[in-house]
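Asks: Dropping the structure in here first, questions after.
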């Protein structure tokens, strides 16, 4: 059974500092990995999706890397801003033959202080 | 373009009462998901629909939970009777097809007293 872990559970940084969020998963047979952002009382917004054949994806200040063999992904957010304060969740998708399921980590709650 | 719509946004009920949640997916999205999210945890899949067919309901507690998507568009999730442990956020998501990017609604926050 696929298990996804995110450490730390919470993170507080001063504005301008780079953020590094970690995600690990137990089964390397994944189809893709996705990073989401969740604001309080709201649904999830997809940030980046990395296919299993890719090593990284970039969007603006966000960069996500994937090391499938070691079961790890890292989300980097450069020059953090107070508006980046949210919970960040990673999720892995298993291949279709295994049910095509999306398994989420518990999230990292980020606070960027002005 | 409208996103995934869910209602109600909040619901407070007493234990043993029934409750229902409604979801309207993004137009044209054939795949619909219901997730349960407990406080401080990631969402967990309850059921997935491909059009009107429930193709994965292995995590749905069938003794008290039921879901339907009769015309392959809107969906309802019902709990009867509700228990204290059902207090959580119920998220609906949709995607154009299976395995494609999922778009989430704002969720329904349920509190069972």
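Protein chains in written order, with the numbering used here: chain B, 24 to 137; chain S, 10 to 122. For every residue, glycine included, the Cβ atom is placed at its ideal position computed from N, Cα and C. Remember, predicted model here, so these are calculated numbers, not experimental data.
Only counting the same chain, and skipping five residues up and downstream in sequence, which positions put a Cβ closer than 7 Å to that of residue 127 (chain B)?
Replies: Here residue 127 (chain B) refers to the residue found at position 104 when the first chain is read from its first residue. 27, 112 and 114, listed in sequence order.
Asks: Pick from B:90, B:89, B:43 and B:70: whose alpha carbon is nearest that of residue 82 (chain B)?
Replies: For the purposes of this step, residue 82 (chain B) is taken as residue 59 along the first chain, with counting starting at 1. Of all alpha-carbon atoms in B:90, B:89, B:43 and B:70, the one lying nearest the alpha-carbon of residue 82 (chain B) is that of B:70.
Asks: Using CA atoms only, rank isn't needed, just tell me which of S:33, S:26, S:20 and S:29 is closest to residue 114 (chain S).
Replies: By 1-based counting over the second chain, the position of residue 114 (chain S) is 105. When only C-alpha atoms are compared, the closest one is S:33.
Asks: Quick one: using the 10 Å Cβ neighbour count with 16 as the cut-off for buried, is residue 21 (chain S) buried or exposed?
Replies: Here residue 21 (chain S) refers to the residue found at position 12 when the second chain is read from its first residue. Its Cβ having fewer than 16 others within 10 Å, residue 21 (chain S) is exposed.
Asks: To the nearest angstrom, how far is it from the Cα of residue 97 (chain S) to the Cα of residue 19 (chain S)?
Replies: Taking the first residue of the second chain as position 1, residue 97 (chain S) is located at position 88. Taking the first residue of the second chain as position 1, residue 19 (chain S) is located at position 10. Rounded to the nearest angstrom, the two C-alpha atoms are 10 Å apart.
Asks: Taking contact to mean at least 3 C-beta pairs separated by less than 8 Å, is the region 23-38 of chain S in contact with the region 57-65 of chain B?
Replies: no
Asks: Quick one: which chain B residues come within Cβ less than 9 Å of residue 120 (chain S)?
Replies: For the purposes of this step, residue 120 (chain S) is taken as the residue at position 111 of the second chain. Within 9 Å Cβ-Cβ: nothing; residue 120 (chain S) doesn't reach chain B, min ~13 Å.
Asks: Per DSSP, which one or two residues make a beta bridge with residue 74 (chain B)?
Replies: Translated into positions along the first chain, residue 74 (chain B) becomes position 51. Per DSSP, B:55.
Asks: Compare the C-beta of residue 30 (chain S) against all C-beta atoms of chain B and say whether one is closer than 7 Å.
Replies: Within the second chain, numbered from 1, the residue matching residue 30 (chain S) stands at position 21. With its beta carbon at least 7 Å from every one in chain B, residue 30 (chain S) lies outside the interface.
Asks: Using a C-beta to C-beta distance shorter than 7 Å, which residues of chain S count as neighbours of residue 48 (chain B)?
Replies: Against the first chain, residue 48 (chain B) aligns to sequence position 25. Neighbours of residue 48 (chain B) on chain S: none; closest Cβ ~12 Å, over 7 Å.
Asks: Whose CA, out of B:118, B:46 and B:109, lies closest to the CA of residue 60 (chain B)?
Replies: Here the question's residue 60 (chain B) lines up with position 37 in the first chain. Here the closest residue by C-alpha is B:109.
Asks: At 9 Å on the CB atoms, spell out the chain S contacts of residue 54 (chain B), in chain order.
Replies: For the purposes of this step, residue 54 (chain B) is identified with residue 31 of the first chain, where counting begins at 1. Chain S residues near residue 54 (chain B): 108.
Asks: For the beta strand (DSSP E) that contains residue 84 (chain B), what are its first and last residues?
Replies: Your numbering for residue 84 (chain B) matches position 61 in the first chain. Neither: residue 84 (chain B) is in no beta strand (DSSP E) and is coded neither H nor E.
Asks: Could you have a look at residue 50 (chain B) and say whether DSSP puts it in helix, strand or coil?
Replies: By one-based count along the first chain, residue 50 (chain B) stands at place 27. It is coil, neither helix nor strand.
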